[in-house]
Structures are given as C-alpha cells and as structure tokens.
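Okay, structure first, notes after.
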C-alpha cells in the first residue's frame, strides 16, 4: 500500500534553509496554534527563495517517524508547496 499524502493549507514556516550540501530544504512549519513541526523537502534546496515574502504556504506531505538517540518524533516529508491560496 502506498503511504497517504496529506494536503495542509495555510501553514506558516520559519527557519528555512538549505542542507549543508545545498540539496535539501529544511524548515519548520507552524500550525494555527503556533506549534512547530520539523519538515524536510528532499532535492529541493534550490526552492528556498520561493519562501521569501511568503508567510503562509500550502503543503503536500507524508508523515514519518524520526527516531534519533532513542527518541521518536514526527517529521514531515514535503512533496510540494505553493503560496497559500
């Protein structure tokens, strides 16, 4: 079975940057309660400029469990984004 993709409209974002090698886009998206969620968009480091002056975005994402040092967290794996409509 294919993993579900989720469309989330009108999320905020912050701390957007390209990965050290410039290949991936790393950011935190924020919900309407200003809670922050880690997100990564693989092979999209060149899209960083699209987030400038775009306070809200619509995203298509998959939700993954990220385990690091024995701790589980949710991480969003973005598949696309656009300015919020």
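Numbering (my numbering), first residue to last: 10 to 94.
Where is the CB? At the ideal position from N, CA and C, for every residue including glycine.
Just so it is clear, the structure is predicted and the values come from calculations on it, not from any experiment.
- Residue burial is scored here from C-beta neighbours: residue 76 has fewer than 16 other C-beta atoms within 10 angstroms and is therefore classed as exposed.
- Shown here, residue 44 sits in coil according to DSSP, grouped into three states, outside any helix or strand.
- DSSP places residue 55 in the helix class (H, G or I) of the three-state scheme.
- Counting the other Cβ atoms within 10 Å of the Cβ of residue 20 gives 16 or more, which makes it buried.
- Annotation for residue 69: 14, 16, 88, 89 place their beta carbon closer than 6 Å to its own, counting only its chain and skipping 5 residues before and after.
- Across the structure, residue 67 and residue 81 are spaced so that their CA atoms are roughly 26 Å apart.
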